[in-house]
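Residue numbers (numbering that gives the first Met the number 0), protein chains in the order written: chain A, 0 to 532; chain B, 0 to 318; chain C, 0 to 274.
Please read the structure below before turning to the comments.
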Amino acid sequence: MKKKFSITLMALLLVAALGGCAGGKSSGNESSTAPDATQGSQASVSGQGTEDPNGNKDSKYGGKVVVGVQQDIDSLDPHKATAAGTKEILFNIFEGLLKVNENGSLICAVASDYSVSEDGLTYTFTLRDNVKFHNGNKVTAEDVKYSLERASGLLDGTALVSSLTTLKSVDIVDEHTVQVTTGSANLELIYSFTTAIIPAGSGEAEGSNPIGTGPFSFVSYKPQEGLVVKKNPDYWQEGLPYLDEVQFKIVSGADTALLELKGHSIDLYSYLTDSQAEELKNDYQILSAPSDVLQGMFLNNAVAPFNDVRVRQAVCYAMDRDLANQFVVGGNGTIMSAPMLPAMKDYYVELNDVYGTGANVEKAKQLLAEAGYADGVSFTVRVPSNYEAHVQTAEVVAEQLKDANIDCKIELVDWNTWLEDIYKGRNYQATLCGITCDMTPSYLTVRFQTDHKKNFINFANADYDVAYQKAAASLNLEEKAKYYKQAQEIFVKEAGTAFIQVPPITIAMNKNLSGYKFYPIYVQDMSTVYFNK
Amino acid sequence: MKYLVKKFVTLIMTLFLVSVLAFLAFQIIPGDVVTSILGTEATPEREEQLRQELGLDKPPVVRYFRWAGSVLKGDFGDSYRYSKNMNQMMPVAELIGDKLPVTLLLAALSMIFIAVIAIPLGVLWARSKNKVFDVMMNMGTQTAMAVPSFFLGVLVTYLFGILLKWFAPGGYISYKEDFWGCISYLVFPAISVAIPKIAMTARFLRNSMLTESGSDYVRTAYSKGASERRVAYFHVLRNAMMPVVTFLGMIIAEIVAGSIVVEQVFSLPGIGKLLISSISTRDFPVVEILILYITFVVIVVYFLVDVLYRVIDPRISNK
Amino acid sequence: MKKVGAWFKKQNAYFLVGLVMTGLAVMLGILSFFWTPFSTTSMSAAERFHGPSLRHLFGTDNFGRDIFSRVMQGIGTTVIVSSLIVVISAGAGILIGAITGYFGGILDEIIMRITDAINAFPSILLALVVISILGSGKQNVIFSLGIVFAPSYVRIVRSEFIRLRDADFVCRARLMGVKKLRILFVHILPNIWSVFWVSVTIGFNNAILAESGMSYLGIGVQPPDASLGKMLSDAQGYLGRAPWYALAPGLTIVWIVLGFSLLSEGIRRKEAGKR
């Protein structure tokens, strides 16, 4: 029995986590299986007509790229940074023991290998021995211990990374091995070991600039202007990065970004709207992929009129998601209905047929009549004004809902008001926004439990709670997936929220650049980007 | 002297009032800076720790006087939002010091445009007896004054940036990296700032000159046989310039206090843009100091204009 | 008919041109409350970004909505909002300016400091405060901009009252035992109208620009309602693809403001001619 369990567990980990570690098709991963594989030095790689270590023929080393980013950095401390806009940049400077790759699976980074005990409580990491910090020092077990303890709160009682709070201890076994003990078995914890490794003691003491192990090292940061990084010549992945310097430039808004792109003062920008992409397609390469954002009209299940499941369902029926997709993102969005990223193929269940993707006005009116709103219903949707796409979607949805006698008023609020009043204060009827997810299946599902403190839509369903808890506790992949799917089905049937779509992430890139990789999470990996010869 | 003391006391009182108002404003508007910084996924301990670090666990009155006390000592505090490096937040003084030159350069350039174009234009207009020219100038200046600054910014960007490609929209270069590059970019936002002000100044100067030319001393000058040219330039202009100086002073104050919209349209990292983003991120220390700065500039410029007036024209009594 | 012709002959060109420009705009704005060529909100995927044509005079926007209809609605909103801002700020200006100017003293000192403070206070922060207390919406934009603009009227009215408070006719009225309120608003106030009207027309322009500016920054009129400033800010992202989208509301603002300026210039010249 015990043996069987362990095999299942390993199978799960292989699927969920180890995928990349065992070697994959992408570039530097090979060196993780053969860390001391001696290849030619980087300098000799740029010979004509030959492939570089990553198999690219037309690549050129060197060059400087300006990447436009939307948000200013919230912290240069990788453990304290929480904004998605900051993490997307810091991905280039910092790495964890493990790292997410472009398929969303985990690959080894600072660690070269790891294993999990049968009971799921002990994680043992073997460190790669050629990893150096940007200050030239080798990464030691001491650094790993410090970093994990600092992030999990074991160091001073203040946890900086909430998912690591279950850690009980971090122990140095020998100079290459670190063992982590956790209080409760949770398969999804493995994703938290992407937490950045920083030099021991650097967090509080010296560290006049951020030091990590990533493909680029920090050069300078100026509030409101941006951040500059330069190539890390000692990066452990052979042949990466290509570029000498990357400047992350903060542009104040999508409109300004468009002007800057037109003026060619940025080389790469990734939050284009559909019509901006249309406008730029002659001057730039336009690439598109699903983002990690779930967009929906979130309904407050605790207040009228949405405390009646029939009204919630009526809204779901009355929405024409195809049209919203068409208008706002040019049909490049992925319509979805459940609280899970469709990219999480093992767990996501496609439930678009429940309410249909077009508008079903008759059904909506019928449900409203049953709920006692035969003459129509009225509510206010509060939308964060800084997200142009959400505002536009709200305009489209409000117009559609009119057909079903639903009067939807739009109220724009600034982002901090949204956070405090709507997300924390739950003072709203409906809000149209997007939630950025990570690669754990529990990311959204966990917060719709009745008593969860992040259950900002006040969803309350006992069956859902049971299904979620079973899913979270399960150490068996199939079983886990089954319960997650069950939870999603309940959620959608109850119309907890009117999900709309996963908007695409559309980038414009300088025509001379290649090698850009989309990730299922919100990062800008500049290490594989190169100038064409 | 008594006048100076009185003005100084007034300045201090206004600054105090403004700082209290700004503080109150921050008590009222929703949005918790801790949530704003940490986002929605932070641990409660981390939130609590940050609240303590920022001193937000203290009651509002204590916080205000603590802040005011350190400002009086010359310590403007640290930004809540911008970090200098991994362990240290950006001091407000440094943050503003970094943005101020951009706004000042923009102000200087705009003023040069205004002075170089508006003054000759105003004189020409006042002296012209051509009716068509008068109507053209009248309509032209009225139109220029009717264009909202953000629309003008968009038009300038579209015309010079996208159609003519004379500059790269958004391609601001830091004055530290390349001073002349920076100036050549700033020319375009400066044009947007300057156009309506040129129109206003030219109108103002013309009216002022027309009023002056009706005065006794002008008639005296003519009767003494001075040429029309001489009268226009040496007598009328000098006297007519005085109200114009006041007017220019107001314009300087306005631009130095930050051309919020123009900085936004041209993505210039100046004071105006910093103010907007600091308000939206609830970066209280930065906003407070910026508001004090703006108040200070406005009041001091008005004061200097007032003094200048008295120096030039002793007829104004020192009440 | 003859009378009308005679009336027209008496007016100067500035006044007439201004009257025609503003009249046209205001009429379109009022008309929009009852009728627009197309619905201002209904969307059409097939008609996105159509250039100006006979069917759509000003073209269509990113949702395929008729820009001319939305500009009409925008004029209505903008003109009403701006007029109310002027009424509030000028009303407050007269009341406060009259009292402080006439009586002076410590109250005057305090109120002047407050107006200084409001003058220096960023209007966006003030608007955020008002909106967070009262909620967002047109009426609160009117209210907050009313506060923002009041100090300039206070200053003008105050200085006029200071100038006139010791004038002969006021002294005589005082000696005759006329009540203070009557002196303020019956004796002095009519004498400042000419100065006041000029600042009202300027203030009206400033209010239009400020309302547009507020909407441009996302505070103010809420979508899907159209306001000229909001349309302009939405359009900025489509400048290369659909320049008419930005030009239509932008030029409309210029049209209205210019119309009012000419109107006030005309009035000013007429007044000057009378003297």
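In this text, a Cβ means the ideal position worked out from N, Cα and C, and glycines have one as well.
Three-state secondary structure assigned by DSSP to residue 220 of chain A: Within the first sequence, residue 220 of chain A is the residue found at index 221, counting from 1. If DSSP states are grouped into helix, strand and coil, residue 220 of chain A belongs with the strands.
Within 8 Å, strictly: CB atoms of residue 384 of chain A and residue 390 of chain A: The residue labelled residue 384 of chain A in the question sits at position 385 within the first sequence. The residue labelled residue 390 of chain A in the question sits at position 391 within the first sequence. Cβ distance < 8 Å, so residue 384 of chain A and residue 390 of chain A count as in contact.
Span of the beta strand (DSSP E) around residue 129 of chain A: Along the first sequence, one-based indexing puts residue 129 of chain A at 130. Careful: residue 129 of chain A lies outside any beta strand (DSSP E) and carries neither H nor E.
Proximity test, Cβ basis, 8 Å: residue 275 of chain A and chain C: As a position in the first sequence, residue 275 of chain A is number 276, starting the count at 1. Cβ-Cβ to chain C under 8 Å: yes for residue 275 of chain A.
Cβ-based burial, residue 171 of chain C [other Cβ within 10 Å; buried from 16]: Within the third sequence, residue 171 of chain C is the residue found at index 172, counting from 1. Exposed is the call here.
Cross-chain neighbours of residue 272 of chain A in chain C, by beta carbon under 8 Å: The count along the first sequence starts at 1 and reaches residue 272 of chain A at position 273. Near residue 272 of chain A (Cβ distances below 8 Å), the residues of chain C are 236.
Exposure label - residue 128 of chain B; buried when at least 16 CB within 10 Å: Residue mapping note: residue 128 of chain B aligns to position 129 of the second sequence, counting from 1. Note on residue 128 of chain B: under 16 other CB atoms within 10 angstroms of its CB, so exposed under the neighbour-count rule.
Continuous beta strand (DSSP E) stretch holding residue 538 of chain A: start and end: Residue 538 of chain A falls outside the range modelled here, since chain A spans only 0 to 532, and no answer is possible.
Minimum Cβ-Cβ distance from residue 250 of chain A to chain C less than 8 Å: The sequence position of residue 250 of chain A within the first sequence is 251, counting from 1. So, not an interface residue.
Proximal chain B residues relative to residue 107 of chain C, where beta-carbon distance stays under 9 Å: Position 108 of the third sequence, counted from the start, is the residue given in the question as residue 107 of chain C. Chain order gives no chain B residues near residue 107 of chain C, where near means a beta carbon separation below 9 Å; the closest approach is about 12 Å.
Which listed residue (A/499, A/497, A/523) has its alpha carbon closest to that of residue 505 of chain A: Taking the first residue of the first sequence as position 1, residue 505 of chain A is located at position 506. Comparing Cα-Cα distances from residue 505 of chain A to each of A/499, A/497, A/523, the minimum goes to A/523.
Residues that DSSP places opposite residue 382 of chain A in a beta bridge: The residue labelled residue 382 of chain A in the question sits at position 383 within the first sequence. Per DSSP, A/411.
Under the three-state DSSP convention, the category residue 531 of chain A falls into: In the first sequence, counting from the first residue as 1, residue 531 of chain A sits at position 532. The answer is strand: DSSP assigns residue 531 of chain A an E or B state.
Selection from C/20, C/93, C/251 that minimises the alpha carbon distance to residue 190 of chain C: Along the third sequence, read from residue 1 onward, the residue named residue 190 of chain C stands at position 191. Ranking C/20, C/93, C/251 by CA distance to the CA of residue 190 of chain C puts C/93 first.
Range of the contiguous alpha helix (DSSP H) that encloses residue 32 of chain C: Translated into the one-based positions of the third sequence, residue 32 of chain C becomes position 33. Residue 32 of chain C: member of the alpha helix (DSSP H) spanning 12-33, first to last residue.
C-beta neighbour in chain B for residue 134 of chain A, strict 8 Å: Here the question's residue 134 of chain A lines up with position 135 in the first sequence. No, because no Cβ of chain B sits closer than 8 Å to the Cβ of residue 134 of chain A.
Rounded C-alpha distance that separates residue 251 of chain B from residue 214 of chain A: The residue you call residue 251 of chain B lines up with position 252 of the second sequence. The residue you call residue 214 of chain A lines up with position 215 of the first sequence. Roughly 47 Å separates the two Cα atoms.
Coil, strand or helix - residue 188 of chain B by DSSP: Residue mapping note: residue 188 of chain B aligns to position 189 of the second sequence, counting from 1. Residue 188 of chain B falls in the helix class under three-state DSSP.
Residues sharing a beta bridge with residue 59 of chain C, DSSP: Walking along the third sequence from the start, residue 59 of chain C turns up at place 60. Residue 59 of chain C is bridged to C/65.
Short CB-CB distance (under 8 Å) between residue 297 of chain B and chain C: As a first step, residue 297 of chain B is located in the second sequence; it is residue number 298 there, counting from the start. Proximity of residue 297 of chain B to chain C, defined by a Cβ-Cβ separation below 8 Å, is satisfied.
Contact residues within the segment 133-161 of chain B, judged by C-beta distance below 7 Å to chain C: Residues 141, 142, 144, 145, 146, 147, 149, 150, 153, 157, 161.
Stretch pair the segment 151-162 of chain B + the segment 181-190 of chain B: three plus CB contacts closer than 8 Å: Short answer: they touch.
Residues of the segment 404-418 of chain A with Cβ closer than 7 Å to any Cβ of chain B, in chain order: With the criterion set as a beta carbon lying under 7 Å from some beta carbon of chain B, the members of the segment 404-418 of chain A are 413, 414, 415, 416, 418, in sequence order.
Supposed contact pair residue 225 of chain A and residue 247 of chain A - C-beta distance, whole angstroms, cut 8 Å: The residue you call residue 247 of chain A lines up with position 248 of the first sequence. The residue you call residue 225 of chain A lines up with position 226 of the first sequence. Taking a contact as a CB-CB distance under 8 Å, the pair residue 247 of chain A and residue 225 of chain A counts as one, their CB atoms being some 5 Å apart.
Ranges of the beta strand (DSSP E) found wholly within the segment 431-510 of chain A, counting only runs of at least 3: Positions of the beta strand (DSSP E) runs, each at least 3 residues long and wholly inside the segment 431-510 of chain A, are given as 496-501, 503-509 in order along the chain.
Proximity below 8 Å, CB of residue 190 of chain A to CB of residue 439 of chain A: Your numbering for residue 190 of chain A matches position 191 in the first sequence. Your numbering for residue 439 of chain A matches position 440 in the first sequence. Yes.
Status (buried if at least 16 other CB within 10 Å, exposed otherwise) for residue 13 of chain B: Along the second sequence, read from residue 1 onward, the residue named residue 13 of chain B stands at position 14. Answer is buried; the Cβ neighbour count reaches 16.
Per-residue burial, residue 130 of chain A [other beta carbons within 10 Å of its own, 16 or more giving buried]: The count along the first sequence starts at 1 and reaches residue 130 of chain A at position 131. Answer is buried; the Cβ neighbour count reaches 16.
Coarse secondary structure for residue 515 of chain A, derived from DSSP in three states: Here the question's residue 515 of chain A lines up with position 516 in the first sequence. In the displayed model, residue 515 of chain A falls within coil according to three-state DSSP, outside both helix and strand.
Close beta carbons around residue 163 of chain C, own chain, < 8 Å, minus the five adjacent residues each side: For the purposes of this step, residue 163 of chain C is taken as the residue at position 164 of the third sequence. Here the set comprises 169, 187, 190, 191.
Assigned secondary structure, residue 135 of chain B (DSSP; H/G/I helix, E/B strand, else coil): The sequence position of residue 135 of chain B within the second sequence is 136, counting from 1. Three-state result, residue 135 of chain B: helix.
Closest Cα partner of residue 322 of chain A within the set A/287, A/399, A/308: In the first sequence, counting from the first residue as 1, residue 322 of chain A sits at position 323. The residue with the shortest Cα to Cα distance from residue 322 of chain A is A/399.
Beta carbon of residue 21 of chain C nearer than 8 Å to that of residue 225 of chain C: Along the third sequence, read from residue 1 onward, the residue named residue 21 of chain C stands at position 22. Along the third sequence, read from residue 1 onward, the residue named residue 225 of chain C stands at position 226. No, they are not a contact pair.
Touching by the beta-carbon criterion (3+ pairs, under 8 Å), the segment 143-153 of chain B and the segment 199-212 of chain C: Flag = yes, the segment 143-153 of chain B and the segment 199-212 of chain C touch.
Alpha helix (DSSP H) segments (min. 4 residues) lying fully within the segment 164-229 of chain C: Fully enclosed alpha helix (DSSP H) runs of no fewer than 4 residues occupy 167-174, 192-215 of the segment 164-229 of chain C, in order along the chain.
Contact set between residue 89 of chain B and chain A, taken where Cβ atoms lie within less than 9 Å: Mapped onto the second sequence, residue 89 of chain B falls at position 90. In chain order: 222.
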